[in-house]
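Under the working numbering, the residue at position 297 of the sequence shown is numbered 297, and the numbers go up by one with no gaps. Notes follow once the structure below has been shown.
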Amino acid sequence: MKKRILGKDLEVSAVGLGCMGMSHAYGPAADKKEMTELLAQAVEMGYTFFDTAEVYGTPENPHDNEELLGTALRPYRDQIVLASKCGIRFDETSSAVNKPLIPDGRPETIKKSAEGSLKRLNTDHLDLYYIHRIDKNVPIEETAGAMKELIEAGKITHWGISEADEDTLRRACKVCPVTAVQNRYSMMYRDYEALFPVLEELQIGFVAFSPLANGFLSAKYNKDSKFAEGTDYRSVMPQFSPEAIDKNQEMLRYLEEIADKKDATPAQISLAWMLAKKPWIVPIPGTRKYGRLLENAQASEVELTDQEVRELDKMLDTVPMSEVFGGSRVEEKK
Ligand SMILES: NC(=O)c1ccc[n+]([C@@H]2O[C@H](COP(=O)([O-])OP(=O)(O)OC[C@H]3O[C@@H](n4cnc5c(N)ncnc54)[C@H](OP(=O)(O)O)[C@@H]3O)[C@@H](O)[C@H]2O)c1
C-alpha cells in the first residue's frame, strides 16, 4: 500500500486499520482467533497503521482491544505503527448504549494509562499516543507536558489529540509538537475541513475516524439491517434510522454512479475522496471482514481528480442528507 507522512516524520500506510469495532461499539466482541488472523492478513496487505485505545472493550473485559492487538501484532511489531489513546473513561452509571465519556487529562492519569497500554500491547513504546478527548478541567499545557515527558522517556515517539480544535492545538504545540489529530471525518461529517489550514500551517496530520460514517457510506445497509441492541451503537445512530435511509438514497445513488465510473465501490470512493483532499489525511476505517479489509486498502489506488472531488463536494453541499452520529456526550469530570 502507498504510504503517507503524519506530522514531520511518522510514516504510515495511506489507509490505516481502526480496530475498535473488533471489541467495542459494533455488537459483542468478535472472535479472538478470527481477528488475530485478520490482523495478520492486514499486515500482509500492507496496512502498517493500527489504531486502538485503552477503553475499547466490553464491561467484562474493558481493555479487550489492546490485549487483542498486543498478541496478534507482536510478530510484526517492528514493521508497524501502533497508535493508542488515553484520557477518557465511560460513565458506567448511564444506561445509554453509547455511554457518556468522562475526560481525564491529568498528567498522572496519562502516565499511568501509558504504562497499562504498553504492557497490554506487548511493546516498550507506542508510535502515536493520543489524548482521546480534551479535558476542559486540565489546561492542555499540562497534558502536553506529560506527553513530552513520555517522549523524553522513550515510552512514546509521537503524540496527538482526538477531537482537537484550533486553540487547543496552538497551545499544545507550544509545549510539544503535535503529530496528528484524530477527528471524525466523512462525506457526512465535514466540520473539520475548517481546521485544514491550521493543520497545514502547524504540520499536523489528520487521522480520519469513522471515515465511512460508521459503514453507512458503503451503501450496503438498508431498512432490514439489524444491529445488536445494547452493544451496537449503530442501533442508536441517526443515519441508520428508516427515515434517514430514505433521505440519503439520492446521495448513495450518486456515490454508486461515481463508483461504477471509477470501477470502484462506494466505500472506496468515500475513502479516495478524503485521500485526494490532502496528502496528510489518513482514514482508518474499521472492519471485521477480510473482503472489506482488502476493499478499503485498495481505496488507496483509486485516484480522483480535483474536478471529481469538487463535484463530489458540490453534491454533498446540496443533496438531502440525514443527521449523522456525532459521538458520545462528553461529561464533566465526576
Ligand atoms: N478517536 C475517537 O474518538 C474515535 C471514535 C470512533 C472511532 N475511532 C477509530 O476509528 C476507527 C473507524 O471508525 P468506525 O469503526 O467507527 O467507523 P467506520 O470505519 O466509518 O465504519 C466501520 C463500519 O463499517 C463497516 N465497513 C467497513 N468497511 C466496509 C466496506 N468496505 N463495506 C461495507 N461496510 C464496511 C464495518 O462493518 P464490518 O465490520 O461488518 O465490515 C463497520 O461496521 C475505529 O475503529 C477507531 O479505531 C476513533
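A virtual CB, placed ideally from N, CA and C, is assigned to each residue, including glycine. Quantities reported herein were computed from a predicted structural model and do not represent experimental measurements.
Select from the options the residue whose C-alpha is nearest the C-alpha of residue i.
{"i": "A164", "options": "E141, P285 and L195", "result": "L195"}
{"i": "Q307", "options": "S322, R288, W273 and I281", "result": "W273"}
{"i": "M147", "options": "D224, H132 and A40", "result": "H132"}
{"i": "Q182", "options": "V175, K174 and E193", "result": "E193"}
{"i": "T168", "options": "I204, I151 and E152", "result": "I204"}
{"i": "V85", "options": "K3, T143 and M35", "result": "According to the sequence displayed, residue 85 carries Lys and not Val. Per the Cα distances, T143."}
Just to confirm before moving on: does the CB-CB distance between residue i and residue j stay below 7 Å?
{"i": "A25", "j": "Y233", "result": "yes"}
{"i": "Q239", "j": "S322", "result": "yes"}
{"i": "Y54", "j": "S113", "result": "The sequence given here places Glu at residue 54; Tyr does not occur at that position. Their beta carbons are under 7 Å apart, which means E54 touches S113 by this criterion."}
{"i": "I88", "j": "P103", "result": "yes"}
{"i": "L255", "j": "I269", "result": "yes"}
{"i": "E332", "j": "P100", "result": "no"}
{"i": "N42", "j": "L293", "result": "The question names Asn, but residue 42 in the sequence shown is Ala. Yes, the pair counts as a contact, with Cβ atoms nearer than the cut-off."}
{"i": "G21", "j": "G327", "result": "no"}
{"i": "V302", "j": "K262", "result": "yes"}
{"i": "G18", "j": "D64", "result": "no"}
{"i": "G27", "j": "T231", "result": "yes"}
{"i": "V282", "j": "V12", "result": "yes"}
{"i": "L202", "j": "C173", "result": "yes"}
Would you say the beta carbon of residue i is closer than 6 Å to some non-hydrogen atom of ligand 1?
{"i": "A194", "result": "no"}
{"i": "Y26", "result": "yes"}
{"i": "I284", "result": "yes"}
{"i": "M20", "result": "yes"}
{"i": "S328", "result": "no"}
{"i": "D317", "result": "no"}
{"i": "K262", "result": "no"}
{"i": "E229", "result": "no"}
{"i": "K96", "result": "Looking at the sequence itself, residue 96 is Ala, so the reference to Lys does not match. Result no, Cβ not under 6 Å from ligand 1."}
{"i": "G116", "result": "no"}
With DSSP collapsed to three states, give me the class of residue i.
{"i": "A96", "result": "coil"}
{"i": "I140", "result": "helix"}
{"i": "C176", "result": "coil"}
{"i": "F216", "result": "helix"}
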